[in-house]
Structures are given as C-alpha cells and as structure tokens.
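One structure is given below, encoded as structure tokens.
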Amino acid sequence: MKRLVLPALAALTLAGCASTPTAYQPATGPQAVGYSEYRIEPGRYRITFRGGPGAPPAQVSDYALLRAADLAVAEGYDWFRVSDRLLEGQPNRGPRVSFGVGGMDFGRRSSVGVGVGTGFNLGGGPAATATIEVFMGRGPRPPGVDVYDPRALRQSLRGAPA
C-alpha cells in the first residue's frame, strides 16, 4: 500500500500542472474562457478572447482574430482592419525558490530564523486575454499589414470553408 502512495501523489501533482485546453467558444460570463464582442458602431467592434490557464498567448490572439473574421463573414464584409491590439497576462515563470533570514531580540534572549521556500504553480499558469478593435469594410481590400481577408483568415486558422 505504501508503495502506491508516492506514485499516486506524483501523478496528481503532474495532472495539476497540465494546462487547461482553451476552446473557441462564446464566453458565458465576464471572467469565463471564450470570446465576447462589443459593437461600437456598424462595422466596428471591440473583440476580447480570454484564454484558460496556461493557454499560449499566440493562440489567444489567433482566436480573437478568428472571431473578427467570423463576424465580418456573417455580416457580409469583404475585409477588416485591426486598429488596436492589447494582450494581457504574463507567461508562467515556472517553479520558484526563496530564502529568508530573520532575527528578534527579547532583552536577554534573542533568536535567529532561517527559512527556505519553494513555489510551484499547479494551476497551469496565468490566463492570457487578447482584445482587438476592428473596422470592417466592403469592396477591394485596402493595403496594410493589419488588414485581413476574413475568408482566407478563417481558412488558415481553422480550415473553415472560404
């Protein structure tokens, strides 16, 4: 029985380190994983995608762009321009070790303490959030590095029909 305890604890610890998969889906609340959008005016949106713990920031940014492409196609636009981008969340820095020394004087007596601590993030890392503001248009696509063809973008990010 004792031989099974250590491997079971190790397996549980490793399972806690795995990141939560982030699915492309609507967010069900303000802090939920998924996308949400706010219509600023016709053809102009602020789109936010919140990833799950440990989701790669590049994936979160791609899902925000994918939502913009889906909206553009659904509303009959031929292109969209990203006018503003914000990526929040810091990468997980991994395990941490800290050292501490302290002392106290009680008149005739004194004490000194030394401590060592370690920290492991078992939650998979912080959640990344990408927010973009997009302007959508019809007709020939204007030049620029932040102007996208929504059908081509959907095809490259998820293989959706063009």
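Sequential numbering of the sequence shown, starting at 43, is according to the working numbering. Glycine residues also receive a C-beta, built at the ideal position from the N, C-alpha and C atoms. It should be emphasised that the depicted structure is a prediction, and the values quoted were computed from it without experimental measurement.
When the beta-carbon positions are compared, residue 170 and residue 118 stay at least 9 Å from each other.
Note that the stretch 104-113 touches the stretch 187-199; at least 3 beta-carbon pairs, one per stretch, sit closer than 8 Å. Of the candidates 86, 80, 176 and 129, the residue whose Cα lies closest to the Cα of residue 101 is 129. For the 9 Å CB-CB criterion, residue 77 and residue 123 do not form a contact. CA-CA distance, residue 120 to residue 71, rounds to 30 Å.
Beta-bridge partners assigned by DSSP to residue 68: 77.
Between the C-alpha atoms of residue 188 and residue 127 there is a straight-line separation of about 10 Å. Between residue 92 and residue 75, the C-beta gap is smaller than 9 Å, which places the two residues in contact.
As computed with DSSP, residue 109 is found in no beta bridge at all.
In this structure, DSSP gives residue 92 an extended state, which the three-state scheme calls strand.
Per DSSP, residue 97 lies in no alpha helix (DSSP H) and is assigned neither H nor E.
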